[in-house]
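Undergrad:
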Amino acid sequence: MVTLSVLPLAHIRQGGLPHCAARHIPDTARRGRMSQQGAGTAEFLLAGSALLVLGWAGIETLHWHSMRHMLSMALHEAARAAIVNHGNPAVIERAFEHALLPLYATHAHASHARTNLEAALARRQRIMAAPAWQIEILSPTPAVFQDFAERGLRVAGAEAHPAINNNYLARQHDLRLAQGWPEGRSPASGQTTLQANTLTLRLNYSHAPLTPWAAHILRPLGKKNGGYAPHALAHGYVPIVREISLVMHTHPVAWPLPRAGKVVAHSGSAGTSLQPHVGGLPSQRHARPLRFPHTDTGRKQTVGGTQAMASSAHASAAAAWHDAASGQAAAASAFSEAQGAASTESKMLLEKTRRGIADGPLRQWVAPASRVQDAETGPQAGPSCRIPGA
Numbered sequence: 001m002v003t004l005s006v007l008p009l010a011h012i013r014q015g016g017l018p019h020c021a022a023r024h025i026p027d028t029a030r031r032g033r034m035s036q037q038g039a040g041t042a043e044f045l046l047a048g049s050a051l052l053v054l055g056w057a058g059i060e061t062l063h064w065h066s067m068r069h070m071l072s073m074a075l076h077e078a079a080r081a082a083i084v085n086h087g088n089p090a091v092i093e094r095a096f097e098h099a100l101l102p103l104y105a106t107h108a109h110a111s112h113a114r115t116n117l118e119a120a121l122a123r124r125q126r127i128m129a130a131p132a133w134q135i136e137i138l139s140p141t142p143a144v145f146q147d148f149a150e151r152g153l154r155v156a157g158a159e160a161h162p163a164i165n166n167n168y169l170a171r172q173h174d175l176r177l178a179q180g181w182p183e184g185r186s187p188a189s190g191q192t193t194l195q196a197n198t199l200t201l202r203l204n205y206s207h208a209p210l211t212p213w214a215a216h217i218l219r220p221l222g223k224k225n226g227g228y229a230p231h232a233l234a235h236g237y238v239p240i241v242r243e244i245s246l247v248m249h250t251h252p253v254a255w256p257l258p259r260a261g262k263v264v265a266h267s268g269s270a271g272t273s274l275q276p277h278v279g280g281l282p283s284q285r286h287a288r289p290l291r292f293p294h295t296d297t298g299r300k301q302t303v304g305g306t307q308a309m310a311s312s313a314h315a316s317a318a319a320a321w322h323d324a325a326s327g328q329a330a331a332a333s334a335f336s337e338a339q340g341a342a343s344t345e346s347k348m349l350l351e352k353t354r355r356g357i358a359d360g361p362l363r364q365w366v367a368p369a370s371r372v373q374d375a376e377t378g379p380q381a382g383p384s385c386r387i388p389g390a
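Numbering (UniProt numbering), first residue to last: 1 to 390.
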């Protein structure tokens with residue numbers, strides 16, 4: 001009995017079953033158990049792959065959104081620098097790349113941001129055979145300079161290029177309305193004076209994904225040499241497009257812009273002549289051009305209007321001064337009346353005090369009434385007192 005009970009246990013520990021037990025297990029159960037081996041692994045691989053793809057997509061989306069925000073700030077800084085420098089494309093390029101430095105700075109080597117930026121842009125340009133970023137100047141266009149450029153207006157450093165007068169925009173708009181431009185819009189470009197003095201920039205930026213295999217997914221979606229965005233997609237980069245408009249603070253200048261480069265003219269405005277006409281409707285192009293003050297000579301043209309405005313302002317100031325003088329006189333009269341009333345009341349109070357003291361128990365301390373002097377006529381205010389025995 002002992003032998004029969006020990007042998008099956010030892011046999012089971014060795015990984016087998018007793019011969020008698022093995023004979024009673026059906027073949028169908030053994031085949032079903034073997035067919036289910038690895039099902040859990042396959043299910044985990046399917047679910048894990050889906051979760052991995054979703055997680056990767058979420059991380060890439062967050063990275064793209066943060067990069068988009070930083071590029072908006074960089075474009076804003078470039079536009080701010082341009083509006084105070086006559087829209088100079090060289091200033092736009094320097095300001096934009098300077099605003100990109102925080103993207104390439106590290107905690108350990110913050111001073112290497114410029115080196116990291118230049119290396120990243122050079123690598124991207126080498127792969128794409130095109131600039132890593134590109135800014136298009138959408139406005140002002142050559143047609144705008146044709147309508148609004150003022151002859152005789154010269155900007156230092158750009159004397160050979162047409163320029164639009166940025167002074168007295170509201171007055172320019174009123175004069176163009178009087179000249180006959182419908183709603184102040186020019187004949188060639190159809191823009192108003194304010195629109196002609198507005199700088200509009202569009203940024204095209206090639207964003208590198210975090211994961212290398214994301215580039216393999218993007219490449220079939222693009223097209224080489226088919227525009228900046230399709231060209232970036234064809235090389236595995238995500239194109240980001242941002243746009244901004246700011247009113248100029250200086251005279252806009254028609255700087256010469258290349259067809260290809262970092263700062264370029266809008267593709268729809270290429271080939272337009274930059275020779276400004278004299279302004280006005282097509283039937284009035286031989287009339288006297290509109291001129292607005294931008295130098296000492298130009299300011300003489302508005303002397304009459306300025307003098308009239310100065311005379312009106314002087315008359316208004318004189319009337320206001322007269323009203324103020326009248327108010328001051330009334331205030332002085334009221335103050336005098338109040339002072340007189342206060343003096344009379346003080347005299348009455350002083351007399352009541354003197355009589356009260358003279359008739360009361362303190363009359364021995366008070367000098368005779370003839371020695372009491374008025375507060376306004378005597379050197380002392382109030383009754384004079386004497387010490388008994390003095």
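Here a beta-carbon is modelled for each residue, glycine too, at the ideal position from N, C-alpha and C. Values in this document were obtained by computation on a predicted structure and should not be read as measured data.
1. Terminal residues of the continuous beta strand (DSSP E) containing Tyr228?
2. Could you check if Met348 is buried or exposed, using at least 16 other CB atoms within 10 Å of its CB as the buried criterion?
3. Could you tell me which of Arg176, Leu175, Asp147 and Ala196 sits nearest to Asn166, measuring between CA atoms?
4. Could you give the residue range of the beta strand (DSSP E) that holds Gln191?
5. Looking at the strands, I want to know which residues DSSP matches up with Asn167.
6. Determine the DSSP secondary structure at Tyr237, reduced to helix, strand or coil.
7. How would you call Asn225, buried or exposed, if buried means at least 16 neighbouring beta carbons within 10 angstroms?
8. Beta carbon of Gln134, beta carbon of Tyr237: below 9 Å?
9. Could you tell me whether the Cβ atoms of Pro162 and Val253 are closer together than 9 Å?
10. So, under 8 Å CB-CB, Leu71 and Leu203 are touching, yes? Tell me the CB distance rounded to an integer number of Å.
11. Taking His161 as part of the beta strand (DSSP E), name the residues at either end of that continuous run.
12. Rounded to the nearest angstrom, what separates Ser139 and Leu201 at their Cα positions?
13. Less than 9 Å between the C-beta atoms of Met128 and His235, yes or no?
14. Hey, how far is the Cα of Leu117 from the Cα of His76?
15. Are the CB atoms of Ala208 and Ala120 within a distance shorter than 9 Å?
16. Quick one, which of Pro142, Tyr168 and Leu218 has its alpha-carbon nearest Ser186's?
TA: Working from what's here:
1. First-last for Tyr228: Tyr228 to Ala234, but that is the alpha helix (DSSP H), not the beta strand (DSSP E).
2. exposed
3. Ala196
4. Counting along the chain, Gln191 falls outside any beta strand (DSSP E), and DSSP gives it neither H nor E.
5. BP columns for Asn167 are empty, so no partner.
6. coil
7. exposed
8. no
9. yes
10. 6 Å
11. No beta strand (DSSP E) contains His161, which DSSP labels as neither H nor E.
12. 7 Å
13. yes
14. 19 Å
15. yes
16. Pro142
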